[in-house]
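Single-structure report; data block below.
Protein chains: 2
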Amino acid sequence: MVKKQEHEITLTNFRVEDSFWSYFQNLVKDVVIPYQEQILNDELPDVEKSHAIENFRIAAGKSDGEYYGMVFQDSDLAKWLEAVAYSLTLGPNPELEQRADQVIELIGQAQQEDGYLNTYFTVKEPEHRWQNLHDCHELYCAGHMIEAAVAWYEATGKRNFLDIMCRMADHIDNRFGKGKVRGIPGHEEIELALLRLYRATGEERYLRLSQYFIDERGTAPDYFEEEEKSRDWKFWSQDASDKNYAQNYAPVREQDHATGHSVRAMYLYTAMADLAGEIHDEELWQACLRLFDSTVSRQMYLTGGIGSSVHGEAFTTDYDLPNDTIYAETCASIGLVFFARRMLELQPDRKFSDVMERALYNGVLSGMQHDGKRFFYVNPLEVIPGLSGVQPEYRHVIPKRPKWYACACCPPNVSRLLTSLSAYAWGEAIGQENTTDTVYSHLYIGGTFTSKAGGGVTIRTETGYPWNGGVAYTVTPDAPGADFTLAVRIPGWCKDFLVSLNGQVLDAQTLEIRQGYLYLNRSWNSGDQLKLSFDMPVVRMYANPLVRENAGCVALMRGPLVYCIEQQDNGPDLQTIRILKDSVITAEETSDPVLGDYTAVKFTGLRLTCDGSLYSDVPPKAEEAVFRAVPYYLWGNREEGGMRVWIPEA
Amino acid sequence: MVKKQEHEITLTNFRVEDSFWSYFQNLVKDVVIPYQEQILNDELPDVEKSHAIENFRIAAGKSDGEYYGMVFQDSDLAKWLEAVAYSLTLGPNPELEQRADQVIELIGQAQQEDGYLNTYFTVKEPEHRWQNLHDCHELYCAGHMIEAAVAWYEATGKRNFLDIMCRMADHIDNRFGKGKVRGIPGHEEIELALLRLYRATGEERYLRLSQYFIDERGTAPDYFEEEEKSRDWKFWSQDASDKNYAQNYAPVREQDHATGHSVRAMYLYTAMADLAGEIHDEELWQACLRLFDSTVSRQMYLTGGIGSSVHGEAFTTDYDLPNDTIYAETCASIGLVFFARRMLELQPDRKFSDVMERALYNGVLSGMQHDGKRFFYVNPLEVIPGLSGVQPEYRHVIPKRPKWYACACCPPNVSRLLTSLSAYAWGEAIGQENTTDTVYSHLYIGGTFTSKAGGGVTIRTETGYPWNGGVAYTVTPDAPGADFTLAVRIPGWCKDFLVSLNGQVLDAQTLEIRQGYLYLNRSWNSGDQLKLSFDMPVVRMYANPLVRENAGCVALMRGPLVYCIEQQDNGPDLQTIRILKDSVITAEETSDPVLGDYTAVKFTGLRLTCDGSLYSDVPPKAEEAVFRAVPYYLWGNREEGGMRVWIPEA
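These protein sequences, in sequence, are chains A and B.
Per my numbering, the very first residue in the first sequence carries number 6; after that it's consecutive.
Per my numbering, the very first residue in the second sequence carries number 6; after that it's consecutive.
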């Protein structure tokens, strides 16, 4: 029977002090959160208007303005508040906390007598509340508000926000469910939020309500078609009968392929995995395994991006992974991190943590400019000057990060993920029957982890990851001779590694490695040090030959990082570059005022030219040259130009 | 000063009796024209409704029905009538001629008192005549009707249709021009039609009116923007200010890149070239040379297809030639044939005739099913099962020819081109100062050509082209010792050839070859025979490395024919096939009940498979196999499946 192997890690268990990630956490704390606060307050010129806080003022009767923004504009504020809550666990900021409390007070003032909370419907169409779950995203906004409230409660201990959102959750619970009104959300999110609320409050009705929304999806008659028939108005012109788009083609336990809007899919699957662990639902777990496999084994970009098409921001078909007309929304990669993390709680297996790492270091980080002030919604693997962002098919593939978006789901989503990174690095299984306590190191991030394992232990991690493969864990148990297992992921990208304990290299033959985790059970004493050294060459990656778009191409990876070639380093017309089967490939530490410290990759290859004819029976001429690749997450930080990840092999 | 080098060839000068083309001409004559007649009369079930003839009945007051169809539905009937006219030059058909005369009578009855002829505006919106030239295509329909009337006059000698269309042309001439109402057509066609009408009637005002429409395009203020401002209604939601779309970005003599809707562009450029020859306009000729180069050297598919994007059915940017989301409308390739033919009249250069041949044998022929009963509008170079015709980006790329279209421009366009093929095969320059008479063999098509060159001559051509490279010309002058030059194209695809005269191989060093034409001037006697033998191996074609979509790929050609691999011959997942740099490639004559007699190509290569993982640092496994390619024009004639032209080279 499936059950959670791990406890949930609270953020304060692990303090990040890392040469790679601390930069991003501080950036979010010091730059991005204040920047987004200004935007949410409409204080920045030359930026897509937010109006999110003003909408709450209007709903609270404190302003006379007009509602502005998406029907789900509330969720931008929610995700910002969630990020603020996490940021307070990184370091106190009483002024920010006070301002956030004021916003929370305003949210409370915008709440209706009956607990209902949604500024769009309160201000604009009160008569249409709860009538269009397919398009209008009231449950989605509620979910994000609940997540923010739980985060606020966990970070500050204050119940102010949690109480507001419990009233809203109760309002929803009073309305929807078996024997009450039928309903499921168009955009999933409420399901995973209610599970978090359940754990924060201990109130089982939130678990049951989450389960209701999950169980009801895909059952006959189709809820969205029924809903559309029951009302005489539409919000968008979306097709309510598209069952793939809405992950609605079968009851969730019978689903076997990831479909439709990829962010929604990830949020649903995350909740499904979480619920499976909570209620020990083997059938649901098996569905999660199938859906994870469908996502990552047939529909995922090398960068951990998902969603091949702008139409519906959606999955298409297996192995259809265009690099240029791609969607790969930042939020979808974040959702994939959520999903992988929940799967990992049920089964410590690197097939989950490898994907989590791949998305984090590539498709998520690429969503934010290195200075924290611009954001990508779409994360292409190829940018073509003159087409990307310009031609109709490519209009969504913007070659330079905009400052903000009318639909600004991605930027605050990056903020909340990066500030809560602690929850993704470690896992612990403590006090379980017939097993010793185990702590899991899922990601290699420098910092200090404290756990109750073996009666209490502090583990200090030092690493130069992802730039080198050295990781050192120094163990300090509360009492000498603590008996617990330290389980460390051996990443899938690594072919060769050394493990040493207190300076002594361990015999590879004797290592206990299961599902990609090295298990080291012993009696730990203060100062015990486990060192890992992962060999980290630049590796050529090949796509499955079924992927049309990458036929004949290779991509370069080093450790968890995908690399790309950019026009700034290699001149225009990147399609004319060829990597040779025997190219010399080197890695080179470098530093740059814009890109920071990073390791570049150089390779010898060919640049093709021809006599100018469009077609010829004479092969193009080839000139040897040296080309330079940079980590994918850094692309688009310099002046605008072409970029590509997959390089034809000659 | 530019001027026409060639006279226009009337269709009866050359009687086609060819092992390749006669099949298609007879197919159009015996199958396609009757089939299309039934459709135009709404006599076929399960076919997209035409209503074209019924619209004329309604406009003529002979029926009470409702107008149905596109605003330019009249043009379908016009193109059919044009094809009927040409078909009568292939062989008499009194019944068909009589039925066509009845249709022409009906057209006359639908004409308004003032000469105006357009069933849409006559029936539906008489108050909106001539107010929306951008969208409503009255001038376009008039142009097709004029072409049909000229063809009818030339084929039958009867003026019935010509008189009707002269009245319409006069109506247009009375309205538009300098000092009259300003106007240019949204969809070019009237320009080239008026030039044909000018030559058929000798009336110079039609030449001047054509010149007015050509000269006015691209001048300030922008006509379409002015027009849009002047009325309070729109027909479609098209953007009248898109100057690229409408070939309106500069006066035509200053234009240097082919833009916008590719059919419209071709029709404009055809008229520009024709006009340049008529009025000896060097500046216009130079513009035509630039636009031809822009089209064929940077924006043309290997098949002679043009128009990379469904959005606007249009050109995009140089070297952007996606094989799968392509447009490459059949009509656009036909337009390219027209354009190349007109250029050839001004300058006998194989750069024009090679393109004409390429489009004819590939991108035009592919528009029609081999049985003549289904038609492609879009001619892709790659078809992907599950995506093509299904996913939003690919919905226009239908993998199987439909029977008819709501917008049915292409099928009758194929019909009129194939029935008038005689006009494209030969050229003649007779009675010009300081040069001997010259006849040009542009295309290798079996049949009998009669010319006034050298006082009169008959040239009989026998050839197995395109399946083999042998061509024999047997000359029979009206009187012995006729002095004229026989100029024969040496095709650009040919690297090696033999020429013999009366059985004697001519020394390659002594041959006079200019711009790809072999000029043979002599005194010809009866029975003189010129034989050409073109070496016709299967050739690997490489795209310019700037073409992203073909990076690392080759395409196979043999003679003028582009080849493709189809799923029916090679199994699914064509993207997993690799051709080797040293693959053995053979040609094989074959016969098939569906595809007819043709030469297939076989090559050894690899099929890649892998362990099932989506990405791996292990290259895919490769198994040797033999693959089979068929001529591109035959693709999609068997059961539905994948197809691709460009094959990755391993």
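All C-beta atoms, glycine included, are put in the ideal place defined by N, C-alpha and C.
Item to check | A/F539, enclosing beta strand (DSSP E) - first and last residue | outcome: Its beta strand (DSSP E) spans residues 533-539.
Next on the checklist: With a threshold of 9 Å between beta-carbons, can B/R295 be considered close to chain A, or not?
Outcome noted: Taking Cβ atoms only, chain A never reaches closer than 9 Å to B/R295, which makes this a no.
Next on the checklist: Counting only Cβ-Cβ distances shorter than 7 Å, please list the residues of the segment 549-572 of chain B near chain A, keeping chain order.
Outcome noted: Those residues of the segment 549-572 of chain B that come within reach of chain A (Cβ to Cβ, closer than 7 Å) are N549, P550, L551, R553, A556, G557.
Item to check | Under 8 Å by beta carbon: chain B residues contacting A/M541 | outcome: Scanning chain B for C-beta atoms nearer than 8 Å to the C-beta of A/M541 yields nothing, as the closest lies near 13 Å away.
Next on the checklist: Which residues of the segment 93-110 of chain B have a Cβ closer than 8 Å to any Cβ of chain A? Give them in chain order.
Outcome noted: So the list is empty, because no residue satisfies the distance condition.
Checklist entry - Looking only at DSSP bridge pairs, what is B/L666 linked to? => result Not covered by the structure: residue 666 of chain B. The range shown for chain B is 6 to 655.
Item to check | 9 Å Cβ cutoff met for B/A174 and B/L214 | outcome: Using a Cβ distance threshold of 9 Å, B/A174 and B/L214 count as a contacting pair.
Item to check | Completely contained alpha helix (DSSP H) runs for the segment 395-461 of chain A, where each covers 4 or more residues | outcome: List check, alpha helix (DSSP H) in window: 415-424, 427-430.
Next on the checklist: Assuming the contact rule is C-beta atoms closer than 8 Å, A/L351 and A/G282 should be a hit. Round their C-beta distance to whole Å, please.
Outcome noted: In this structure A/L351 touches A/G282 by the C-beta definition: roughly 5 Å separates them, less than 8 Å.
Item to check | Three-state class that DSSP yields for A/C336 in the structure shown | outcome: Helix, per DSSP.
Next on the checklist: Just checking: is the beta-carbon of B/T322 within a distance shorter than 9 Å of some beta-carbon in chain A?
Outcome noted: Interface residue, yes.
Item to check | Contact set for B/F240: own chain, Cβ-Cβ below 6 Å, skip 5 residues either direction | outcome: Excluding sequence neighbours, B/F240 sits near N137, D140, C141.
Checklist entry - Quick one, which of A/W498, A/L82, A/I518 has its alpha-carbon nearest B/D622's? => result It is A/W498.
Next on the checklist: Using 8 Å for Cβ pairs, my map puts A/E159 next to A/T15. What's the rounded Cβ distance?
Outcome noted: Contact check for A/E159 and A/T15: beta-carbon distance about 6 Å, within the 8 Å limit, so the pair qualifies.
Checklist entry - With distances taken from CA atoms, which of A/I590, A/A513, A/Y547, A/D325 is nearest A/A605? => result Comparing Cα-Cα distances from A/A605 to each of A/I590, A/A513, A/Y547, A/D325, the minimum goes to A/I590.
Checklist entry - Mind checking whether A/R553 and A/A655 have CB atoms under 9 Å apart? => result No, the pair does not count as a contact, with Cβ atoms beyond the cut-off.
Item to check | Closest Cα partner of A/R258 within the set A/E13, A/I219, A/T466 | outcome: Looking at A/E13, A/I219, A/T466, the one whose alpha-carbon comes closest to that of A/R258 is A/I219.
Checklist entry - Going along chain B, which residues have a C-beta under 7 Å from A/T330? => result Going along chain B in sequence order, the residues near A/T330 (Cβ under 7 Å) are E398.
Item to check | Local conformation of A/F380 per DSSP, three classes | outcome: In this structure, A/F380 counts as strand in the three-state DSSP scheme.
Item to check | Distance, B/D376 Cα to A/I195 Cα | outcome: Distance between the alpha carbons of A/I195 and B/D376: 57 Å.
Item to check | Near-chain A residues of the segment 605-624 of chain B - C-beta to any C-beta below 8 Å | outcome: Answer set for the segment 605-624 of chain B: L613, T614, C615, G617, S618, L619, Y620, S621, D622, V623, P624.
Checklist entry - How would you list, in chain order, the residues of chain A whose beta-carbon sits under 8 Å from the beta-carbon of B/Q580? => result Against chain A, the beta carbon of B/Q580 has neighbours under 8 Å at P550, L551, V552, R553, A556, listed in chain order.
Checklist entry - Taking 8 Å as the line, does the beta carbon of A/L365 fall inside it for any heavy atom of the ligand NAP? => result Absence of the ligand NAP is noted for the structure shown, with no ligands found whatsoever.
Next on the checklist: Does the structure place the segment 329-340 of chain A close enough to the segment 477-489 of chain A that three or more beta carbon pairs sit under 8 Å?
Outcome noted: No contact exists between the segment 477-489 of chain A and the segment 329-340 of chain A.
Item to check | Min CB distance B/W640 to chain A below 9 Å | outcome: So, not an interface residue.
Checklist entry - Between the segment 27-34 of chain A and the segment 453-469 of chain A, do three or more beta carbon pairs fall short of 8 Å? => result No, because fewer than three Cβ pairs between the segment 27-34 of chain A and the segment 453-469 of chain A fall closer than 8 Å, the two stretches do not touch.
Checklist entry - What runs of the alpha helix (DSSP H), each 4 residues or longer, lie entirely inside the segment 258-319 of chain B? => result Taking only runs of at least 4 residues, the alpha helix (DSSP H) segments lying wholly in the segment 258-319 of chain B are 267-284, 287-303.
Next on the checklist: If you reduce the DSSP assignment to three classes, tell me which class B/Q374 lands in.
Outcome noted: Collapsing the DSSP output to three states places B/Q374 in coil.
Checklist entry - Quick one: what's got a C-beta closer than 6 Å to B/R295's C-beta in the same chain, skipping five residues either side? => result Within the same chain, Cβ atoms closer than 6 Å to the Cβ of B/R295 are found at D261, the five residues on either side in sequence being excluded.
Next on the checklist: Just to confirm, is the Cβ distance from A/E143 to A/F126 under 9 Å?
Outcome noted: Their beta carbons are under 9 Å apart, which means A/E143 touches A/F126 by this criterion.
Checklist entry - Thinking C-beta only, is A/V388 closer than 9 Å to A/G610? => result Cβ distance not < 9 Å, so A/G610 and A/V388 don't count as in contact.
Item to check | For B/Q116, the nearest candidate out of B/K67, B/E221, B/K408, B/G162 (CA to CA) | outcome: Measuring from the Cα of B/Q116, the nearest candidate turns out to be B/K67.
Checklist entry - Which runs of the alpha helix (DSSP H) fall wholly inside the segment 19-49 of chain A and span at least 4 residues, in chain order? => result Here the runs fully enclosed are 26-32, 38-45.
Checklist entry - Cα separation between A/P50 and A/Q41? => result One alpha carbon belongs to A/P50, the other to A/Q41, and they sit about 13 Å apart.
Checklist entry - Which of the three DSSP states, helix, strand or coil, is assigned to B/V108? => result In the structure shown, B/V108 sits in a helix (DSSP, three-state: H, G or I).
Item to check | Under 7 Å from the C-beta of A/P653: neighbouring residues of chain B | outcome: The contacting residues are A556, G557.
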